[in-house]
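In the working numbering, the protein residues as written are 68 to 581. C-beta atoms are modelled at their ideal positions from N, C-alpha and C, and glycine is treated no differently. Structure first, commentary second.
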């Protein structure tokens, strides 16, 4: 994004003095320089953007990533039996959500910043929330609305009216259908039900499936590639999610904790669907004895999911009356308010910026360092080619307290950054390393102990190609309590995938204690 000019990068620190000239320039020299500069032709052409680096996201992967968060509605007979994995033999008449209101579900999602929702159209017990023609185990066999109800239809209509994307989960494991275990018959059955869902309810944005299955169950070979082909044929804009893609993949745990290094690049041949064990502890359906996570816990999860190049799929199960519980709604509103209070204003919004180099030179605004203050990923700072140093200098114009760094890459150009770090200028006029990070991707949020500084430096240490930065944000989170010594046990990494550095600076060198 920036062109490095010898002796022109200003620290703007009153304690630092940079001498750029050893003798005065005479009037004759000034005239000569002016004449020379007037003879230099200025091209009216801009340097084109850099080449993208493969692999690149397709259109629906890109839209999926931009959404940041989605709600998952687990709903079915399990809601009424206080169970997680139903047997497939519960009486279908038990399903009777007398106050069901899917418009309320969608309203809760939209007002709290969730752009998509997913519904368990069929869970492992085989009960279908739409009147499928291929089973006797569905809402048609229930007493709800005298057997004439259709939860999928209700939700699809509410989502369309509100402009919220709709996704469906269709469990491959089916504990009710007797043909489960017969490879040919069950794959035909599954594709028939998938066809119903993808041709009867308008646009479907997400298809969610997995390889979850209990121990001792019938062996079953799923024709996944045939399923994927049919899905893309019937819903060309849908993103398919599973353990290993093909469009979106599971992060590997059900705690919303992504790895500290999280690449969108992924070799699907390394992991098969169902090859990663599900954690049986997390619950997904509504249970009267359970209570929602706190808003602060959800904020912590936000950092370890959305803040690590992922999308947060948050489960908010409707209760047995068919509504989102009031206590869930309250927590979601508090979570929304926390995010607003932290991220609504970028403390670097009015900063002065310089760069180690800028593609096309400092006179070309297309790849200016100031592009990182424009929201969105379609404008970005780009450095000049064949550089060995990639740095952004940020002058906040006054001392500012902060503890969160937000960085984004224009992932439509390919994910590039491998390692980066943030430095701050201390009172002695020396750069102090604040925090390290690895991958960035669509979005990275780094949380660190609060500090106060006016001058910052974002340094990309390693990249697959010239790094491109589309957004940089500085924020203050007054809520999250950060324990530097507690490791992130569930992902095996430090909290938020960063290393906090307490630095002692000696001349230009720096030692750090992790």
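{"query": "Own chain, CB closer than 7 Å to residue 123, minus 5 neighbours either side, in chain order", "result": "479 and 481"}
{"query": "Rounded separation between residue 382 and residue 324 - CA only", "result": "14 Å"}
{"query": "Residue 120 to residue 447 span [Cα, whole Å]", "result": "15 Å"}
{"query": "Extent of the continuous alpha helix (DSSP H) run through residue 256", "result": "250-267"}
{"query": "Coil, strand or helix - residue 433 by DSSP", "result": "helix"}
{"query": "In chain order, each beta strand (DSSP E) run of at least 3 residues that lies wholly inside the segment 272-325", "result": "273-275 and 306-309"}
{"query": "DSSP bridge partner residues for residue 185 (one or two, in chain order)", "result": "139 and 234"}
{"query": "Top-ranked residue by Cα proximity to residue 585, from 163, 507 and 129", "result": "No answer is possible for residue 585: the residues shown for the chain start at 68 and end at 581."}
{"query": "Nonlocal neighbours in the same chain, by C-beta distance under 8 Å from residue 337, ignoring five residues either side", "result": "311"}
{"query": "Chain-order list of residues whose beta-carbon lies under 8 Å from that of residue 379 (same chain, five-residue window excluded)", "result": "135, 136, 137, 323, 368, 369, 372 and 373"}
{"query": "Residue 329 beta carbon less than 8 Å from that of residue 386", "result": "no"}
{"query": "Inter-stretch contact (C-beta, 8 Å, three-pair minimum) for the segment 203-215 and the segment 262-282", "result": "no"}
{"query": "Bounding residues of the beta strand (DSSP E) (the contiguous stretch that carries residue 176)", "result": "Note, residue 176: premise wrong, no beta strand (DSSP E); alpha helix (DSSP H) at 169-178."}
{"query": "Start and end residues, alpha helix (DSSP H) containing residue 584", "result": "Only positions 68 to 581 of the chain appear in this structure, which leaves residue 584 out of reach."}
{"query": "For residue 259 and residue 543, the rounded distance between their alpha carbons", "result": "51 Å"}
{"query": "Segment limits, alpha helix (DSSP H) that includes residue 451", "result": "Looking at the DSSP string, residue 451 is not in any alpha helix (DSSP H), and its letter there is neither H nor E."}
{"query": "Three-state secondary structure assigned by DSSP to residue 355", "result": "coil"}
{"query": "Minimum C-alpha distance to residue 162 - residue among 525, 358, 147 and 466", "result": "147"}
{"query": "Status (buried if at least 16 other CB within 10 Å, exposed otherwise) for residue 304", "result": "exposed"}
{"query": "Limits of the unbroken beta strand (DSSP E) element including residue 247", "result": "It is not in any beta strand (DSSP E) - residue 247 carries neither H nor E in the DSSP assignment."}
{"query": "Cβ-Cβ distance between residue 263 and residue 197 below 8 Å", "result": "yes"}
{"query": "Distance between residue 389 and residue 165 (C-alpha atoms, nearest Å)", "result": "7 Å"}
{"query": "Residues near residue 184 by beta carbon distance below 8 Å, same chain, minus five either side", "result": "137, 138, 139, 140, 172, 173, 176, 222, 226, 231, 232, 233 and 234"}
{"query": "Opening and closing residue of the alpha helix (DSSP H) in which residue 222 lies", "result": "218-229"}
{"query": "Proximity of residue 202 and residue 244 at Cβ, strictly below 8 Å", "result": "yes"}
{"query": "C-alpha distance - residue 295 paired with residue 413, whole-angstrom precision", "result": "41 Å"}
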